[in-house]
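The next block holds one structure in the form of structure tokens; read it before the comments.
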Amino acid sequence: MTDYIHLEEATVKKDYFEWLKSLVEAEEEYSFLWWKLHNTDFIWTIDRDENRAEDGKYLRYIFTVSAYDRIDFNPEEVDEYLSGPCSVMELLVGLARRMEHDIMEIDDLGDRTPEWFHDMIKNLGLDKYDDKHYSEEEVSKIIHRFMGRKYGKSGAGNIFCVGHKNGPDFRNLEIWDQMQVYVLEKYPI
Numbered sequence: 494m495t496d497y498i499h500l501e502e503a504t505v506k507k508d509y510f511e512w513l514k515s516l517v518e519a520e521e522e523y524s525f526l527w528w529k530l531h532n533t534d535f536i537w538t539i540d541r542d543e544n545r546a547e548d549g550k551y552l553r554y555i556f557t558v559s560a561y562d563r564i565d566f567n568p569e570e571v572d573e574y575l576s577g578p579c580s581v582m583e584l585l586v587g588l589a590r591r592m593e594h595d596i597m598e599i600d601d602l603g604d605r606t607p608e609w610f611h612d613m614i615k616n617l618g619l620d621k622y623d624d625k626h627y628s629e630e631e632v633s634k635i636i637h638r639f640m641g642r643k644y645g646k647s648g649a650g651n652i653f654c655v656g657h658k659n660g661p662d663f664r665n666l667e668i669w670d671q672m673q674v675y676v677l678e679k680y681p682i
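Per my numbering, numbering of the sequence shown is gapless, rising by one per residue and ending at 682.
Written out as structure tokens, the structure is:
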């Protein structure tokens, strides 16, 4: 029988939140925004967007392996502490990682995961809500507009938006396809 080190739930959750922020170089002056995104469950309306939620939840596994690889801990305990639906923060960080590592990775440019994450924050219009200008009501509206797909046809007000008006209706595309259209417009081949 293995003797495990008992990890406190609050410590694991705090460590995980800090780790998520570190992946995307989340600025401290946006602490209210990051906390709100982290504590809002991602709800999808297009079935295949569940895959993006799974990408977000997969971050929990990566964190567990990387953060606690040098101590004897009970991974089931950590899994229990970090269980539950994917948060909006996890969704955005997970998607930014997938964009970088599966689509846009260019060794000479380094890891641009933070760039993709901050592009999504800016596209949503959340970049103006630092701690000095934070509005719980406005931020909630923006998050729910995104999840409810109440944004413009070309993605205005969404995590991805494009300039051309004759393209596909982003409100009907899964997030992965939106991202591909966005990347192709921003970085044409």
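Don't be surprised by glycine CBs; every beta carbon is placed ideally from N, CA and C.
Nothing here was measured: the structure is a model prediction, and the numbers come from that model.
- Secondary structure note for M640: its alpha helix (DSSP H) is the uninterrupted segment 629-640.
- Distances from the CA of E569 to each of S524, Y554, R642 were compared; the closest alpha carbon is that of Y554.
- With distances taken between CA atoms, Y509 lies nearest to S580 out of S580, L588, M640, G648.
- Inter-residue distance for V517 and K658 is about 30 angstroms (C-alpha atoms, whole angstroms).
- Contact check for L584 against F610 fails: the beta carbons are separated by 8 angstroms or more.
- Counting along the chain, W512 sits inside the alpha helix (DSSP H) bounded by residues 502-516.
- Secondary structure at S524: helix, using DSSP grouped into helix, strand and coil.
- Excluding the 5 residues flanking it on each side, D623 has same chain C-beta neighbours closer than 6 angstroms at E522, Y523, in chain order.
- Annotation for S559: the continuous alpha helix (DSSP H) segment containing it runs 543-560.
- Counting of Cβ neighbours within 10 angstroms places T504 among the exposed residues, the total staying below 16.
- Between L513 and M582 the beta-carbon gap is near 6 angstroms, inside 8 angstroms, which marks them as a contact.
- As computed with DSSP, S580 is found in a beta bridge with D534.
- Around the C-beta of I668, 16 or more other C-beta atoms lie within 10 Å, and the residue is accordingly described as buried.
- In the three-state reduction of the DSSP assignment, F653 falls in the coil class.
- The Cβ neighbour count for Y644, taken over all protein chains shown within 10 Å, is at least 16; the residue is labelled buried.
- In the DSSP assignment, H611 falls within the unbroken alpha helix (DSSP H) covering 606-617.
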